Ligand SMILES: [Zn+2]
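In our numbering, the protein residues as written are 12 to 277.
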């Protein structure tokens with residue numbers, strides 16, 4: 012989904028000419044900004060997993076809302092310093108990321124967009140998204156801005172289908188979404204091996220969590236192989252259920268978000 016250069020979609024801002032972009036402001040009053048990462052996702056998924064999910068989800072929203080939304084290029088790399096012990100991870104600081112996001116939305120504002128929805132595919136970006144959104148709302152009072160994660164829209168569905176405790180990064184929940192969007196990014200041989208051996212690497216050594224307390228740690232101290240949960244339980248069908256339910260819920264919100272031209276969201 013993200014590696015095909017010549018797949019023209021009417022809603023992709025970067026594939027428009029400037030006169031087309033100028034016309035899009037009126038036809039498509041909502042700008043969707045995906046934010047991703049280039050970071051380890053266990054031994055079984057590619058580094059661009061969060062980017063694939065953010066872009067894929069943003070495109071599904073634009074399809075549902077057509078012609079009301081455009082999708083900007085995905086912002087990446089993300090805030091991933093906690094994954095730097097794993098090869099290939101690229102990281103920018105939270106300060107850099109929120110500033111980049113702020114300035115991209117500022118650019119959209121300069122061209123006339125007044126409704127912006129950030130689709131964040133990477134948990135590590137969340138604080139930076141919140142800071143950027145707060146700054147934008149303060150600096151541009153007539154800008155409507157909202158942001159969301161993907162799995163957080165369907166945490167109830169995810170919980171229902173979680174195999175073991177603590178299914179988060181690169182778990183069966185995230186792996187299922189990637190199988191749905193871009194199966195080539197998942198190394199099924201690695202998952203098959205885990206299934207056949209029936210073993211799950213020991214995870215979460217050390218500190219026991221207490222609900223409500225945030226204690227950030229480098230990810231190799233959370234999980235030696237970089238994944239959580241039971242990735243071998245992932246299926247494309249579960250991915251479809253998670254993503255399409257999230258699309259339905261986000262679309263319902265965005266329809267009123269776009270229509271409400273007078274009031275900024277709380
Ligand atoms: Zn991820």
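Ideal placement from N, C-alpha and C gives every residue a C-beta, glycine not left out. What you are looking at is a predicted structure, and each value in this text was computed from that prediction instead of being measured.
What residue does the beta strand (DSSP E) around residue i start on, and which one ends it?
i          : result
residue 46 : 41-46
Return the first residue and the last residue of the alpha helix (DSSP H) that residue i is part of.
i           : result
residue 33  : 29-38
residue 155 : Taken as a continuous stretch (DSSP letters only), residue 155 belongs to no alpha helix (DSSP H), being part of the beta strand (DSSP E) at 155-159.
residue 184 : 183-192
residue 230 : 230-233
residue 167 : 166-171
residue 198 : Run containing residue 198: none; DSSP gives neither H nor E here.
residue 256 : 247-270
Quick check on residue i: buried or exposed, where buried means 16 or more other Cβ atoms within 10 Å of its Cβ?
i           : result
residue 254 : buried
residue 252 : buried
residue 196 : buried
residue 236 : buried
residue 77  : exposed
residue 88  : buried
residue 114 : exposed
Per DSSP, which one or two residues make a beta bridge with residue i?
i          : result
residue 49 : 101
residue 23 : 82
Along the chain, which unbroken stretches of the beta strand (DSSP E) at least 3 residues long are found entirely within the segment 55-108?
80-82, all fully within the segment 55-108.
Inter-stretch contact at 8 Å, needing at least 3 Cβ pairs: the segment 166-176 / the segment 132-142:
No: the two stretches stay apart, fewer than three of their Cβ pairs being nearer than 8 Å.
contact_flag[the segment 53-62, the segment 20-35] where n(CB pairs < 8 Å) is 3 or more
With the cut-off at 8 Å, the segment 53-62 and the segment 20-35 do not touch.
With three or more C-beta pairs closer than 8 Å as the rule, is the segment 143-160 touching the segment 115-131?
Using a C-beta cut-off of 8 Å, the segment 115-131 makes contact with the segment 143-160, since at least three inter-stretch Cβ pairs fall below that distance.
With a cut-off of 8 Å, do at least 3 Cβ pairs link the segment 104-114 to the segment 51-58?
No contact exists between the segment 104-114 and the segment 51-58.
Going along the chain, which unbroken runs of the alpha helix (DSSP H) with 4 or more residues stay wholly within the segment 106-142?
Qualifying alpha helix (DSSP H) stretches: none in this window.
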